[in-house]
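As you go down the protein sequences, you meet chains A and B in turn. Numbered according to the working numbering, the first sequence spans residues 902 to 1285. Numbered according to the working numbering, the second sequence spans residues 902 to 1285. This report refers to the structure that appears directly beneath it.
There are 2 protein chains.
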Amino acid sequence: MTDVAVIGASMTDFGQREEWVVELLSQAGMECLEDAGVEPHEIDHLYTSNMASGEFEGQTGIMNAVAHDLGALPAYTQRVDQTSSSGGAGIYAAWQSVASGASDMTLLVGGEKMTHRTTGEATDVIASITHPVEYKHGVTLPSFAGLTARLYLDKYDAPRESLARVAVKNHENGVDNPHAQFQKEITMETALESPIVADPLRLYDFCPITDGSAALMFCPVEVAEEYTDEYVRIAGVGGATDTHVVHERADPTTMGGVVESGEQAYEMSGYGPDDIDVAELHDMFTILEFLQSEGLGFFEEGHAWEAVEEGITERDGELPINTSGGLKSKGHPLGASGVAQGVEIYEQLMGEAGPRQVEADVGLCCNVGGFGNCVITTIVEASS
Amino acid sequence: MTDVAVIGASMTDFGQREEWVVELLSQAGMECLEDAGVEPHEIDHLYTSNMASGEFEGQTGIMNAVAHDLGALPAYTQRVDQTSSSGGAGIYAAWQSVASGASDMTLLVGGEKMTHRTTGEATDVIASITHPVEYKHGVTLPSFAGLTARLYLDKYDAPRESLARVAVKNHENGVDNPHAQFQKEITMETALESPIVADPLRLYDFCPITDGSAALMFCPVEVAEEYTDEYVRIAGVGGATDTHVVHERADPTTMGGVVESGEQAYEMSGYGPDDIDVAELHDMFTILEFLQSEGLGFFEEGHAWEAVEEGITERDGELPINTSGGLKSKGHPLGASGVAQGVEIYEQLMGEAGPRQVEADVGLCCNVGGFGNCVITTIVEASS
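In structure tokens form, the structure reads like this:
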């Protein structure tokens, strides 16, 4: 198994963009080539993480368009879809291409263009991730989030305010991320008084609909050393599924895919939860940050809300979570999000995170598809 | 790099099916598990090749549904999209998962459900594979095929009849494939007198619109030997892209992606064109069988038509091509086709092809996406 390095990272501004998805993907790709000091013709594999360009834009074959636009022909190219965890799945595919010995230089780009569609249209496409027995009866992803949040608060006697605190923290981090969709702080009052979406969750418990793209450059460690003295290494990666029908789960407050993918990533890396210095979790809904930080073993079951209340997950806390602003304030262009998590961890480990910088040698990303239907966890370590 | 074996194969009947794509995928998956003697819980990776379930059926996240239906949780799952070569890309993804050491048992299922949509709707989705600068002006894939066929016939002074002969040959092979959509012979007259679609190509130069699914089981060679004495081995695999805008190609009668992916597969396997005993080529249009068999080095440029006229590519010829019936008579459910090519080569090398059986130790599949925008070539060898 070839040891895999990441030698470059980039992301476009997230938010409402005029460009179509191929242009966004190519923009992040070009910037990543420049960041890595790699020429387009040196790329032999190009993975494009994207969930739904066909549904959102009526355009398929986008991976070929990106390969063409970047001047990367005749590089192999493929679109990676794992719904909202397509970006994380792209990291896994890129890792495999290098680890298998097939590739000496793999570019991963992930992106989505969504804001030109109405919220209803976007919600329809996203709802189709789940089983028709659920979504066709109105149980969309926000509904699952509401039901699960209610269960969690009740089961662990957690205050409603602890969820709002996740939103406040992540918005605070987003202020210092020049690519974030929302670069503004919010107050607890704003979060707690925003309109109800799926009781007990309110508007500020949800990530926005976003356009954007992100990219990472992968190669064998020995090749990395020809390009740069400083890089990061993929220490562990794991992916797992949970029931496609959410109502079949014994306890929806435990995300089986998070637990399983985390265990795989820990085993492969030799690290454990206590070794993680910084983490990007999939806070599509505030409640998910609790469930992932418990599933990954950062906190005991039912105690993540306390950790957030105590400030442990803030930027200057013991385990900073979502220093990028998270999906909550950075935005969530489906296929881009998992890649952008990797970009944040890369920048933190390389010391390139500017005002968001924390002390970190080992970082973790957790990218969630559906309502935990599929999950990818990646552990990254600094090279020196 | 772990040596990769294939220990099971299956396909559903191709044609007009009542089931939706998840049911078709699960059916092929179940049959493949049985063929391989593998239990669902032994699968650790599950790849689903599919181009457009979102566009055709309004359903995404199908890989999770299949993992759930097969009882394969918590196996990793991902959808592989490379347009009409999604199946071949699935073979490559499955190969990587095993070759990288990440997987001990990977199931690949590929499928598409298309016939419930009108031909116009299906053509719209398929056209969106290519660049809008072309398809929005009416240059759909059949148009490219017509233009390229005209160029080929003119350039090499080849008779129009040679194209019809490809259709006649592949229909003849399809008669003996119980899963083929069309199990009937056609005459040269039928082919040559069928309605013009894109001059000089007529109806019988085109594959049909099809529903169906196929599956293959991959594992390390050393694991294969715990399950079976007889299996096949992936000897070489390569993937490459050509310009996304077809009109930028210097000469459309040379498919750059075919040449490049073939060279990669030959190099990795140590085999050359003369070593191939049987091949499945992507005859979505009859002209493509000529272009691929030349691009892969089976025949000199401009001479494939003579080889077909001389019967070299017939079942009892020197190099049988499309013994399964090809896309032409077996049908072309986009995401399934590349996998089904692998199923035919598996059955030929295992001696399980019944009345279609030829003498073969080394087989090749070539799966084409778009109009050669991306191509995967796989070389398979018998284990003994």
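Using N, Cα and C, we set each Cβ at its ideal position, and we do this for glycine too. Source: prediction; values computed, not measured.
Counting only Cβ-Cβ distances below 7 Å, B/N965 has contacts in chain A at T1142, H1145, G1271, N1274, C1275, in chain order. The Cβ of A/M1185 sits no closer than 8 Å to any Cβ of chain B.
Note that the C-beta distance between B/V939 and B/Y1057 is not below 8 Å. Listed along chain B are T961, each with a C-beta nearer than 8 Å to that of A/M952. With respect to the C-alpha of A/G1264, the residue from A/G1113, A/V1138, A/A973, A/E1207 having the closest C-alpha is A/V1138.
Rounded to the nearest angstrom, the gap between the Cα atoms of B/T1088 and B/K1229 is 14 Å. If you draw a straight line from the Cα of A/A1180 to the Cα of B/L1117, it comes to about 37 Å.
When secondary structure is reduced to three states using DSSP, B/P1121 falls in the strand class. Taking the C-beta atoms as reference points, A/L1054 is found no nearer than 8 Å to A/P1153. Per DSSP, B/T1020 is one residue of the alpha helix (DSSP H) stretching across 1020-1028. In this structure the stretch 1106-1113 of chain B lies against the stretch 1016-1024 of chain B, because at least three pairs of beta carbons, one per stretch, are closer than 8 Å. Contact annotation: the stretch 985-993 of chain A touches the stretch 1239-1252 of chain A, with at least three C-beta pairs closer than 8 Å. Assignment of B/Y1172 by DSSP, reduced to helix, strand and coil, places it in the coil class. Assigned with DSSP and collapsed to three states, A/Q983 falls in strand. The count of Cβ pairs closer than 8 Å, one atom from the stretch 930-949 of chain B and one from the stretch 1022-1029 of chain B, stays below three, leaving the stretches out of contact.
Fully contained in the stretch 1047-1111 of chain A are the following beta strand (DSSP E) runs of length 3 or more, in chain order: 1097-1099.
In the three-state reduction of the DSSP assignment, A/M912 falls in the strand class, which pools E and B. According to DSSP, residue pairing for A/F1186 in a beta bridge involves A/F1107.
If you draw a straight line from the Cα of B/S1170 to the Cα of B/A910, it comes to about 22 Å.
Of the other Cβ atoms in all chains shown, fewer than 16 fall within 10 Å of the Cβ of A/I1097; this residue is therefore exposed. CA-CA distance, A/E1210 to A/S1063, rounds to 6 Å. The stretch 1038-1050 of chain B makes no contact with the stretch 1204-1221 of chain B; the number of CB pairs closer than 8 Å stays below 3.
For A/Q997, the closest of A/G1140, A/E1131, A/P1256, A/G1232 by C-alpha to C-alpha distance is A/G1140. Close partners of A/I1030 in chain B (Cβ separation under 7 Å): T961, G962. Of the residues B/T903, B/L1104, B/S927, B/R1216, the one whose Cα lies closest to the Cα of B/E1073 is B/R1216. The DSSP-derived three-state label of A/H969 is helix.
In this structure, the beta-carbon distance from A/G1227 to A/D1178 does not fall below 8 Å. Within the stretch 1000-1011 of chain B, the residues whose Cβ lies closer than 8 Å to some Cβ of chain A are A1000, S1001, G1002, A1003, listed in chain order.
Contacts between A/T1278 and chain B, judged by CB atoms closer than 8 Å, are missing: the closest CB pair is about 11 Å apart. The Cβ-Cβ distance between B/V905 and B/I1135 falls below 8 Å. The bridge partners DSSP lists for B/A1180 are B/I1222, B/L1265. Assignment of B/H946 by DSSP, reduced to helix, strand and coil, places it in the strand class.
Taking a Cβ-Cβ cut-off of 7 Å, the neighbours of A/A990 in chain B comprise Q979, given in sequence order. Interface criterion not met: the Cβ of A/E940 is under 8 Å from no Cβ in chain B. Here the C-alpha atom of A/V1244 lies approximately 7 Å from the C-alpha atom of A/M912. Counting along the chain, no alpha helix (DSSP H) covers B/L1197, and no H or E run does either.
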